[in-house]
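Enquirer: Residue numbers (the UniProt record's numbering): 1 to 397. Even glycine gets a Cβ: it sits at the ideal position worked out from N, Cα and C. As the structure is a computational prediction, the values presented were derived from the model and not from experiment.
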């Protein structure tokens with residue numbers, strides 16, 4: 001929908017000054033932008049802007065087939081933003097940041113702790129001058145602690161925070177998750193923290209500093225495996241696709257592909273066994289309860305895998321879905337985006353960027369009164385510098 005036809009997002013009028021780059025901070029500010037906030041992204045002209053602009057191929061190409069600075073990686077987290085090229089190491093750049101901060105509700109940055117202090121742009125400098133400012137700092141290890149000065153990337157956070165020790169085949173090496181999930185989840189925590197701080201400011205007028213670490217965020221989403229260890233003192237094991245607390249819950253081969261199977265309770269297990277013509281297993285005390293199935297995991301698995309491998313994927317999915325047992329295909333990315341479900345949920349969107357059309361992943365939030373909007377395609381580096389810096393109200397469209 002065009003401009004005036006679009007509904008206002010729930011964060012319409014909220015102004016975000018984005019000094020972040022890579023993935024965690026940009027994930028947060030894209031989400032805020034999708035929800036209606038006006039976001040100005042600051043990029044360093046001397047380095048070509050956000051690091052991820054160079055993290056390709058693939059790139060969006062111009063009409064002559066030349067690559068632009070819109071890499072797929074950059075576009076994944078940078079729609080609904082204006083791009084302003086500023087060198088914050090100069091007095092002029094610092095003055096412009098302070099001018100923009102005077103108009104902003106939120107400032108988000110992911111410099112190393114202390115990195116902005118030399119420019120007078122850290123929270124200790126800006127907080128007293130702009131007492132209503134919500135200032136969010138993202139770093140590898142946070143602003144405090146013995147590792148605060150160390151740099152941080154997603155891979156480091158996954159290694160230090162423990163998730164790699166749980167990911168991969170039981171007899172394989174530690175494995176990272178296939179995407180930068182520590183960065184993405186950190187961006188989600190940043191969004192939650194910022195919205196909470198805005199609510200506090202609405203009641204009191206007070207801004208505040210949010211100190212968020214990649215590693216802290218990754219430790220937080222160890223969830224059941226982390227608490228399993230804290231409760232038992234026993235180190236979790238890598239189990240491939242299997243679940244530490246539920247059985248059967250894994251990826252299984254069929255005669256023509258793989259399915260995900262998640263049997264969540266004992267009644268589902270009984271129906272599942274009946275489908276496989278293995279009904280006696282549900283009455284066997286070694287398998288009748290989830291706890292028993294976990295204790296006899298290997299023995300049960302050895303019985304289930306041949307039975308599933310003898311059937312087609314379509315047969316397994318149709319049969320178990322009819323019995324209300326959770327099952328689904330293991331799809332490749334092309335199958336995902338070709339699916340009717342993705343189309344129905346608008347999880348692929350198309351936008352027109354400066355070089356040409358771009359295809360992006362949609363926002364999963366479906367708000368009935370204030371839906372997300374897609375107003376601005378990912379920008380070229382510095383695309384909005386002149387219009388923003390020459391405006392008396394730089395956050396207006």
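So, at 7 Å on beta carbons, what are the nonlocal neighbours of residue 316 in its own chain, with the 5 sequence-adjacent residues on each side left out?
Expert: As a position in the chain shown, residue 316 is number 316, starting the count at 1. Cβ within range, chain order: 254, 259, 308, 327.
Enquirer: Residue range of the beta strand (DSSP E) that residue 134 falls in?
Expert: Position 134 of the chain shown, counting from 1, holds the residue named residue 134. Unbroken beta strand (DSSP E) run through residue 134: 134–139.
Enquirer: Whose C-alpha, out of 196, 263, 188, 155, is nearest the C-alpha of residue 178?
Expert: Position 178 of the chain shown, counting from 1, holds the residue named residue 178. Measuring from the Cα of residue 178, the nearest candidate turns out to be 155.
Enquirer: Just tell me which of 90, 84, 148 has its CA closest to the CA of residue 114.
Expert: Numbered from its first residue, the chain shown carries residue 114 at position 114. Closest option to residue 114, Cα to Cα, is 148.
Enquirer: Just curious, the alpha helix (DSSP H) that residue 185 is in, first and last residue?
Expert: Here the question's residue 185 lines up with position 185 in the chain shown. Looking at the DSSP string, the run of the alpha helix (DSSP H) that includes residue 185 is 181–204.
Enquirer: Using the three-state DSSP reduction, which class does residue 25 fall into: helix, strand or coil?
Expert: Within the chain shown, the letter at position 25 stands for residue 25. DSSP places residue 25 in helix when its eight states are reduced to three.
Enquirer: Roughly how far, in whole angstroms, is the beta-carbon of residue 15 from the beta-carbon of residue 103, given that I think they are within contact range, below 8 Å?
Expert: Within the chain shown, the letter at position 15 stands for residue 15. Within the chain shown, the letter at position 103 stands for residue 103. That pair is a contact at about 6 Å.
Enquirer: If distances are taken between C-alpha atoms only, which option among 180, 165, 145 comes closest to residue 211?
Expert: As a first step, residue 211 is located in the chain shown; it is residue number 211 there, counting from the start. Closest option to residue 211, Cα to Cα, is 145.
Enquirer: Can you name, in chain order, every residue of its own chain whose Cβ lies under 8 Å from the Cβ of residue 296, other than the five neighbours on each side?
Expert: Translated into positions along the chain shown, residue 296 becomes position 296. Contacts found: 286, 287.
Enquirer: Does DSSP put residue 391 in a helix, a strand or coil?
Expert: Looking up residue 391 in the chain shown gives position 391. If DSSP states are grouped into helix, strand and coil, residue 391 belongs with coil.
Enquirer: Just to confirm the assignment: which complete beta strand (DSSP E) runs, minimum length 3, are found wholly within the segment 70–97?
Expert: Correct list: 82–85.
Enquirer: Among 191, 355, 121, 281, which has the Cα closest to the Cα of residue 64?
Expert: Numbered from 1 along the chain shown, position 64 holds the residue referred to as residue 64. The option with the nearest alpha carbon to residue 64 is 355.
Enquirer: Alpha helix (DSSP H) containing residue 128: first to last residue?
Expert: Taking the chain shown and counting its residues from 1, one reaches residue 128 at position 128. Residue 128 -> alpha helix (DSSP H) spans 123–129.
Enquirer: Give me the Cβ distance between residue 294 and residue 247, rounded to the nearest whole Å; I'm assuming they're in contact under 8 Å.
Expert: For the purposes of this step, residue 294 is taken as residue 294 along the chain shown, with counting starting at 1. For the purposes of this step, residue 247 is taken as residue 247 along the chain shown, with counting starting at 1. About 5 Å; that satisfies the 8 Å criterion.
Enquirer: Can you tell me the Cα-Cα spacing of residue 333 and residue 342, whole angstroms?
Expert: The sequence position of residue 333 within the chain shown is 333, counting from 1. The sequence position of residue 342 within the chain shown is 342, counting from 1. One C-alpha to the other measures close to 11 Å.
Enquirer: Straight-line CA distance for residue 111 to residue 324?
Expert: Here residue 111 refers to the residue found at position 111 when the chain shown is read from its first residue. Here residue 324 refers to the residue found at position 324 when the chain shown is read from its first residue. The straight-line gap from Cα to Cα measures roughly 49 Å.
Enquirer: Apart from the five residues just before and just after residue 250, which ones in its own chain have a Cβ nearer than 6 Å to its Cβ?
Expert: The sequence position of residue 250 within the chain shown is 250, counting from 1. Excluding sequence neighbours, residue 250 sits near 241, 242.
Enquirer: My guess is that residue 78 and residue 26 are in contact by the Cβ rule of under 8 Å, so how many angstroms apart are they, rounded?
Expert: Residue numbering aside, residue 78 sits at position 78 when the chain shown is read from its first letter. Residue numbering aside, residue 26 sits at position 26 when the chain shown is read from its first letter. Correct: roughly 6 Å between the Cβ atoms.
Enquirer: What are the partner residues of residue 67, as DSSP defines its beta bridges?
Expert: Stepping through the chain shown from its first residue, residue 67 is reached at position 67. Answer by DSSP bridge pairing, in chain order: 61.
Enquirer: Just confirm the distance between the C-beta atoms of residue 158 and residue 190, as a whole number of angstroms; I'd bet it's less than 8 Å.
Expert: On the chain shown, residue 158 is found 158 positions in, with the first residue counted as 1. On the chain shown, residue 190 is found 190 positions in, with the first residue counted as 1. That belief does not hold up - the Cβ atoms of residue 158 and residue 190 are roughly 18 Å apart, past 8 Å.
Enquirer: Between residue 310 and residue 335, what straight-line distance do the alpha-carbon atoms span, to the nearest angstrom?
Expert: Mapped onto the chain shown, residue 310 falls at position 310. Mapped onto the chain shown, residue 335 falls at position 335. Cα to Cα, the separation comes out at about 24 Å.
Enquirer: Where residue 362 and residue 49 are concerned, what is the direct C-alpha to C-alpha distance, given to the nearest angstrom?
Expert: In the chain shown, the residue the question calls residue 362 occupies position 362. In the chain shown, the residue the question calls residue 49 occupies position 49. Their backbone Cα atoms lie some 24 Å apart in a straight line.
Enquirer: Here's the rule I'm using: 16 or more other beta-carbon atoms within 10 Å means buried, otherwise exposed. How should residue 129 be labelled?
Expert: What you label residue 129 is simply residue 129 of the chain shown in a count that begins at 1. With fewer than 16 other Cβ atoms within 10 Å, it is exposed.
Enquirer: Would you mind reading off the limits of the alpha helix (DSSP H) that contains residue 175?
Expert: For the purposes of this step, residue 175 is taken as residue 175 along the chain shown, with counting starting at 1. Careful: residue 175 lies outside any alpha helix (DSSP H) and carries neither H nor E.
Enquirer: State the DSSP-derived secondary structure class of residue 237, mapped to helix, strand or coil.
Expert: Sequence index remark: in the chain shown, residue 237 carries index 237 (1-based). Three-state DSSP puts residue 237 in coil, outside helix and strand.
Enquirer: Go ahead and label residue 265 buried or exposed: buried means 16 or more other beta carbons lie within 10 angstroms of its beta carbon, across all protein chains shown.
Expert: Position 265 of the chain shown holds residue 265. Residue 265 comes out exposed.
Enquirer: Please report how far the alpha carbon of residue 219 lies from the alpha carbon of residue 187, in whole angstroms.
Expert: Reading the chain shown from its first residue, position 219 is the one you call residue 219. Reading the chain shown from its first residue, position 187 is the one you call residue 187. Rounded to the nearest angstrom, the two C-alpha atoms are 14 Å apart.
Enquirer: Excluding the 5 residues flanking residue 320 on each side, which residues of the same chain have their C-beta closer than 7 Å to its C-beta?
Expert: Taking the chain shown and counting its residues from 1, one reaches residue 320 at position 320. Contacts found: 272, 275, 327.
Enquirer: Output the distance between the C-alpha atoms of residue 89 and residue 120, rounded to the nearest integer angstrom.
Expert: For the purposes of this step, residue 89 is taken as residue 89 along the chain shown, with counting starting at 1. For the purposes of this step, residue 120 is taken as residue 120 along the chain shown, with counting starting at 1. Their Cα atoms are separated by approximately 10 Å.
Enquirer: Tell me which residue opens and which closes the alpha helix (DSSP H) that residue 226 is part of.
Expert: Residue numbering aside, residue 226 sits at position 226 when the chain shown is read from its first letter. Residue 226 -> alpha helix (DSSP H) spans 223–232.
Enquirer: Grouping DSSP H, G and I as helix and E and B as strand, with all else coil, what is residue 45?
Expert: Working through the chain shown from its first residue, we reach residue 45 at position 45. In this structure, residue 45 counts as helix in the three-state DSSP scheme.
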